[in-house]
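In this text, residue positions in the sequence shown follow my numbering: the first is 199, and each later residue adds one. Glycine residues also receive a C-beta, built at the ideal position from the N, C-alpha and C atoms. For reference, the structure discussed in these notes is given below.
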Amino acid sequence: IFASFPLEPYAPGVMSDLRVPPKALTTQQVRKFDEDGFLIGLPAISVEEAQQFRAELEAAEAKQGESSNTFLLEGHTRWPFMHKLVTSPAILDAVQDLIGPNLLIWDAQAFVKEPQTPSFISWHQDTNYWGLDPDDGIVTAWVALSDVTAENGPMEFLRGSHMEPLRAQEDTYERTNMLSRGQEIVWEKPIDPNEVHQVILRPGQFSLHHVRLAHKSGPNQGSDRRIGIAIRFMPPHTRPMLGQDCAMLVRGEDTYGHFLPEAPPKAPEDPEAVSQYERTRRLKAQNYMQDADEQRSAERARAVAEVNVPAHLRAAKL
């Protein structure tokens, strides 16, 4: 069982002293986030812009010769197109309405499921293994670059679960689970299906969810790739608890200095961008994988990568 942070149950209003009058969300949406732990279907960019970002992602895949699931882990520190996406003003405005005017990005990564593949993400709570404290202001924005439908493996949120005590999670290393350890919540009683909400999105829309919210996603049984970018935001008073860590200031100021700073990348092959990208990935891997079974984790990662080969890369190898 892996549950490294037995923190106190979250209560609405914990972040209220950090908030300013909302500029993107309504007061009703802010209240709904506090009560439910998520918001769905917010506009980030246009459909045309989402298509352009998808094209840039797939061009990068062709150049790198692998899925963006692999190399766009912390990709905002190296690829300018990803940095531009994760700092879209509409996203920053909405996050600011929830956690205040000073915003750090702790992590950003691609989550791509190829069509007709078995890869899934089990029920989990992110705060159990991220090693960040306090967790009252940590929010994930998930931006769709493709249609996210009921059949292609959308996220599913358990409403109100961020308000309850953290649940124990078991490291399964299941070979089709996209999570680093295959970590999965150990449920003590059945989930009420009426409290589970699918995150259906159009390209360019995004969702927001609290770091304590239980969530999962199933396999992509559709005909197109399901492409999303997850961006993890936090206020600067958040501290890394597992070791030295990095973060990028994207709005406001950081007067705490708990994280090594990251800078916007100039170009993918710029030496400074490459150096900070490699440093960030190394430090986060060291923190993430403390006490993990490295061999089983590596086997799981290889199995997921073998399944999730983009069609345009398979075609190039023929």
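What's the C-alpha gap between Arg379 and Glu492?
Looking at the two C-alpha atoms, the distance is approximately 9 Å.
Could you name the residues that DSSP lists as bridge partners for Val394?
Partner(s): Leu356.
Glu504: buried (16+ other C-beta within 10 angstroms of its C-beta) or exposed?
Looking at its Cβ environment, which holds fewer than 16 other Cβ atoms inside 10 Å, Glu504 is exposed.
Leaving out the 5 sequence neighbours to the left and right, which residues in its chain are closer than 7 Å to Ser228 when beta-carbon positions are compared?
Looking at the sequence provided, one finds Val at residue 228 rather than Ser. Excluding positions up to five away in sequence, the list reads Pro220, Asp295 and Leu296.
Quick one: give me the first and last residue of the alpha helix (DSSP H) that His281 is part of.
Its alpha helix (DSSP H) spans residues Pro278 to Val284.
Is Val293 near Phe431, with beta carbons less than 7 Å apart?
In contact: Val293 and Phe431 (Cβ atoms closer than 7 Å).
Is Gly235 helix, strand or coil when you go by DSSP?
Of the three classes helix, strand and coil, the one that applies to Gly235 here is coil, per DSSP.
Using a threshold of 7 Å, state whether the C-beta atoms of Val284 and Ala257 are closer than that.
No, Cβ-Cβ distance for Val284 and Ala257 is not below 7 Å.
Buried or exposed for Thr453, going by 16 or more other Cβ atoms inside 10 Å?
So Thr453 ends up on the exposed side.
Would you report the Cα separation of Glu362 and Pro469, rounded to the nearest angstrom?
In a straight line, the C-alpha of Glu362 is about 45 Å away from that of Pro469.
When the distance is taken between beta carbons, is Thr370 closer than 7 Å to Glu382?
Against a cut-off of 7 Å, the Cβ pair of Thr370 and Glu382 comes out as a contact.
Between the C-alpha atoms of Glu393 and Thr224, what's the straight-line distance to the nearest angstrom?
Straight-line Cα distance between these residues: approximately 23 Å.
Helix, strand or coil: which one does DSSP assign to Met361?
Here Met361 sits in helix by DSSP.
Specify the secondary structure class of Ala461 as computed by DSSP and reduced to three states.
In this structure, Ala461 counts as coil in the three-state DSSP scheme.
Based on Cα-Cα distance, which residue from Glu312, Val384 and Arg276 lies nearest to Val507?
For Val507, the nearest C-alpha among the options comes from Glu312.
Taking all protein chains shown into account, do 16 or more other C-beta atoms lie within 10 angstroms of the C-beta of Lys482, making it buried, or fewer, making it exposed?
The residue is buried, with at least 16 neighbouring Cβ atoms inside 10 Å.
Secondary structure at Gln367, three-state DSSP: helix, strand or coil?
Three-state DSSP puts Gln367 in a strand.
Name the two residues that bound the continuous alpha helix (DSSP H) containing Lys261.
Taken as a continuous stretch (DSSP letters only), the alpha helix (DSSP H) holding Lys261 covers Val245 to Gln262.
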